[in-house]
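Below is one structure, written out as structure tokens; comments come after it.
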Amino acid sequence: MKSILSLLLVGIAAVCFGMPHTLELGPTLESAVVLPAPSDWVDGDETLHWDGEPDRGFNINGTYSYGCAQRYTEPDPLIVKAILYYLTGNADAVFVYVAGHGTQMEPGPMLDTTRATGLGGGVWRRANMPNPPAIAPDEDFWACVIIRRHPSGQHPLTLDLGPIVAYRGGYITLPEIGPDWYQLTDPPFWTDRNVNIRAVVERAGTGVEEIIGPPGSSAGLRHRLSPNPLRSTGRFSYEVAQAGHVSLAVYDAAGNRVRTVVDGFYGSGEHHAVWDGRGDDGRRVPAGTYLYRLKVGGQAVTGRAVVLD
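Its first residue numbered 1, the sequence shown is counted upward by one per residue in full-length UniProt numbering.
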């Protein structure tokens with residue numbers, strides 16, 4: 001906090017806002033309303049957010065790199081598929097990442113990151129995560145967007161009208177000054193607003209799926225992996241409509257088979273199989289997202305298994 005307060009004293013760390021006709025007010029504010037443009041928003045996605053409608057873009061006067069974040073805690077296991085962020089102005093470079101459980105004021109370890117577009121102009125941008133991280137129930141994660149340089153007079157990231165959702169909706173960091181994170185209500189920012197950043201998620205649930213057989217057939221596949229995500233072992237449950245050969249195998253993201261869980265002839269009814277989170281070589285598989293394929297007779301279904309540390 002000392003470094004931030006020293007910047008306040010020399011007058012170069014105040015928040016600046018941007019609107020269509022920029023009003024220069026020295027080291028304090030610049031303002032005007034954001035103009036909407038075509039966006040990367042996908043309506044079918046579930047998003048987590050604390051912010052309202054975008055109101056105005058902002059930058060840090062005298063500093064051309066800054067970052068913002070929102071922090072979430074959900075009761076269900078999640079896969080974080082993407083991060084949405086609203087850009088009012090342009091940025092030279094944008095880096096987006098998902099951070100894991102940390103403290104109320106500091107994100108935890110980086111779980112996945114990607115470079116994203118900095119082309120703004122009043123638009124929601126979407127950054128898909130290359131390796132979507134799995135989040136355990138009731139565990140914090142942070143959706144973070146870092147602006148690595150922006151042209152003078154541009155106001156890339158955007159705030160709503162507020163009020164801020166404390167310790168959730170409005171975090172800021174100045175990486176050129178230090179690694180610390182602050183709330184936007186902290187000095188010298190004094191901004192009672194939430195940043196327009198949202199997390200696109202998929203609830204992992206318990207993995208229940210149903211596949212119906214060919215037209216006119218009563219055959220079907222029903223299966224479950226529980227828990228999912230898993231830390232040590234997971235239990236597959238599946239139904240066999242008619243006696244036949246059953247195979248169940250787990251594959252890594254590259255499509256390599258890492259474990260054969262079931263391979264044999266089974267009668268009709270419900271069956272169970274336990275996967276201990278190890279490969280065929282007996283070693284524990286690394287944390288990450290895996291695919292499993294269940295095949296019964298001529299039917300097959302693919303699901304996703306998430307392994308946590």
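Ideal Cβ placement from N, Cα and C applies to all residues, glycine included.
Using the Cα positions of residue 340 and Asp252, report the straight-line distance between them to the nearest angstrom.
This structure leaves residue 340 out entirely; the chain is present only between 1 and 309.
Which residues share a DSSP beta bridge with Tyr97?
Thr113 and Cys144
On the three-state DSSP scale, how would you describe Ala273?
strand
Cβ-heavy atom distance between Pro107 and the ligand HEM below 6 Å?
Ligands are entirely absent from the displayed structure, and the ligand HEM is therefore not among its contents.
Just mark Tyr167 as buried or exposed, buried being the case when its beta carbon has 16 or more other beta carbons within 10 Å.
Within 10 angstroms of the beta-carbon of Tyr167 lie fewer than 16 other beta-carbons, which makes it exposed.
Pick out whichever of Asp186, His245, Gly303 and Gly118 has its Cα sitting closest to the Cα of Pro156.
Taking only the C-alpha atoms, the option nearest Pro156 is Gly118.
Within its chain, find whatever has a CB closer than 7 Å to the CB of Ser247; leave out the 5 residues flanking it on each side and keep chain order.
If the five residues before and after Ser247 are omitted, its C-beta is found closer than 7 Å to the C-beta atoms of Val262, Asp263 and Lys295, all from its own chain and listed in chain order.
Pairwise C-alpha distance: Gly169 and Pro163
9 Å
Using the Cα positions of Arg148 and Arg115, report the straight-line distance between them to the nearest angstrom.
10 Å
Would you identify the three-state DSSP class for Ser226, choosing helix, strand or coil?
strand
Let me confirm a value: Met129 is counted as buried when at least 16 other C-beta atoms fall within 10 Å, else exposed. Which label applies?
Counting of Cβ neighbours within 10 angstroms places Met129 among the buried residues, the total reaching 16 or more.
Figure out for me which residue from Asp55, Asn59 and Ala69 has the closest Cα to the Cα of His49.
Ala69
Exposed or buried, residue 315, counting other C-beta atoms within 10 Å across all chains shown (16 or more means buried)?
Residue 315 is absent from the structure shown; the chain starts at 1 and stops at 309.
For Lys295, the residue or residues it bridges with in DSSP
Ser247 and Ala300
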